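Chains W and Z, in that order, are what the protein sequence lines are. So the first sequence is numbered by my numbering: it starts at -15 and just counts up by one. So the second sequence is numbered by my numbering: it starts at 290 and just counts up by one. The C-beta atom is built at its ideal place from N, Cα and C for all residues, glycine as well. Fair warning: this is a prediction, and the values are worked out from it, not measured in the lab. Right, one structure below, let's go through it.
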Amino acid sequence: MTYRRDEQAFFNDVYKAAFPVLFRVVLRIVGDQESAEELCHDAFIRLYQHSTTLPDIDQARYWVLRVGKNLAFNLSKRRGRERKALERVFHEPGRSSRSADRDTLEDETLATVRSAVDRLPKTLRDVIVLKEYGEMPYAEIAQVLAISEGNVKVRVHRARERLASLLEGIDVQFRE
Amino acid sequence: MFSSVNKEVMRRQLLSAYLDGETTTAEAQQVQSLLSHNPELQSFHGQVMQFQRAVQRSLLSDSDVDAAQERVRLQVNRTMRVRPLELAWWQRSLSVPVPFVSVAAAVVLLLAAVVAFQMVPAAEQAAVAAAPDSPRGLPSFALSDRPVNVQVTVDPSQTEELLRWLNAQSEAHQVTVQLPEQARFQFQGEPVMIRPDRSHPQEFEIVPLEDIGE
């Protein structure tokens, strides 16, 4: 009459299924690989501690994505506050350097796109990050954010409308 | 006017879903047809494609993600060794033969009945014995009689202040510091003890545990 599942095997399956998406999403939010790895580690440790409450792999995957995403946004928000405080102290607002070098232009374009995503309201930023960086289908985004699929569809569209207007006039060109 | 604007929004929304592969076959055909002759929709399509190209440029390669996955897996395994999952007793797996369960249940019921039968007179006696002039409970114990364990959470910047205060009280026998739950604290460095510096009483010294016996 043994009915308890093997928690270690369950954890390994969830880790394998969730890590690539979680890592890409978290990396997009925090911007550096070291922090992204640390946050993924923290999210999976929390999953390990809560895994007995999660009925199946899908629910566990949505759970860890939600936790990881929230950890990343919290860190990003804290860093933003710290950066603003430093700028106030030293009167050095962030400058964008100009260079004719093509790689630099490409980096600047990516930074512009990144900054445009950061300027979206949280409800729109959540869906567009999970969609574009996590490459998740609407049904799964709906599960992670606990909203309806229709709502995801509307928010993805609104996010793209906003991004289009924020990036209007900026030539997003890349070397092929 | 309103309906034409609304229609345009709906078309863009349909295009957005189409780009994500979230439309039916009929909707996909509708979008393809609209794209061929609607300049505004074409422009929106171009902007979304540009954004997606920028996103693709910024994504890590699969091999980089695989390498990160392996690094984090090793760290997670180390942490799990330090803090193994402890299931509550009622969450642990149980393997018991069915006949044994029925016998055990009968014994438990019998014991419960016996205990309940004896508890009734005991409770009556206790009610009589509890007079207002016989103080019981916490006030009757002196703190010096029993060791008291207190758990305090402090901001890292205030740790030193707390340690100094504890030192000034001369009452703390043991201080355990639980580091934040972050990867870097769990497998770097060796266990240490923090104690007042013998030569400079106002200062603290950090001594590796393996040096304590020397």
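When 7 Å is used as the limit between beta carbons, W/Thr107 is near no residue of chain Z, the shortest such separation being about 16 Å. In chain order, Val361 and Val365 make up the part of chain Z whose C-beta sits under 8 Å from the C-beta of W/Phe28. At a cut-off of 8 Å between beta carbons, Z/Val397 makes no contact with chain W. In this structure, DSSP gives W/Ser60 a helical state, which the three-state scheme calls helix. Z/Val361 places its beta carbon less than 8 Å from that of W/His25. For W/Tyr32, same chain residues with a beta-carbon under 6 Å away, outside a window of 5 residues either side, are Phe(-5) in chain order. A direct Cα-to-Cα measurement between Z/Gln336 and Z/Asp355 gives close to 31 Å. 8 Å or more divides the Cβ of W/Lys53 from the Cβ of W/Val111. Shown here for W/Tyr117: same chain residues with a beta carbon closer than 6 Å to its own, the five before and five after excluded, namely Arg8, Val9 and Arg12 in chain order. Within a 10 Å sphere around the beta-carbon of W/Leu6 sit 16 or more other beta-carbons, which makes this residue buried. Interface residue (Cβ-Cβ distance to chain Z less than 8 Å): W/Pro4 is classified as such. Interface flag for Z/Leu348 against chain W is set, since a Cβ pair is found closer than 8 Å. Contact between W/Glu(-9) and W/Thr36 holds: CB atoms are separated by about 7 Å, below the 8 Å threshold.
At a cut-off of 8 Å between beta-carbon atoms, W/Arg144 makes contact with chain Z. Rounded to the nearest whole angstrom, the C-alpha separation of Z/Gln319 and Z/Gln302 is 12 Å. A straight line joining the alpha-carbon of Z/Leu323 with that of W/Tyr(-1) spans about 42 Å. At a cut-off of 8 Å between C-beta atoms, W/Leu94 counts as an interface residue with respect to chain Z. Contact residues of the region 306 to 332 of chain Z toward chain W are Ala306, Leu308, Asp309, Gly310, Glu311 and Ser332 (C-beta to C-beta distance below 9 Å). Under the 8 Å criterion on CB atoms, W/Gln43 is classed as non-interfacial with respect to chain Z. Relative to W/Arg139, the option among W/Glu152, W/Ile125, W/Ala1 and W/Gly15 whose CA is nearest is W/Ile125. Secondary structure note for W/Gly134: its alpha helix (DSSP H) is the uninterrupted segment Glu133 to Leu150.
By the neighbour-count criterion, in which 16 or more other beta carbons inside 10 Å mark a residue as buried, Z/Trp454 falls on the exposed side. A straight line joining the alpha-carbon of W/Glu18 with that of Z/Lys296 spans about 46 Å.
Note on geometry: alpha-carbon atoms of W/Phe28 and Z/Thr442 lie some 24 Å from one another. Taking C-alpha positions only, W/Pro4 is separated from W/Asp40 by approximately 19 Å. Annotation: Cβ neighbours of Z/Thr368 in chain W (cutoff 8 Å, chain order): His25 and Ile29. Neighbours of Z/Ala393 in chain W, taken as residues at a C-beta separation under 9 Å, are lacking, since the least C-beta distance is about 13 Å. If you draw a straight line from the Cα of Z/Asp444 to the Cα of W/Val113, it comes to about 33 Å.
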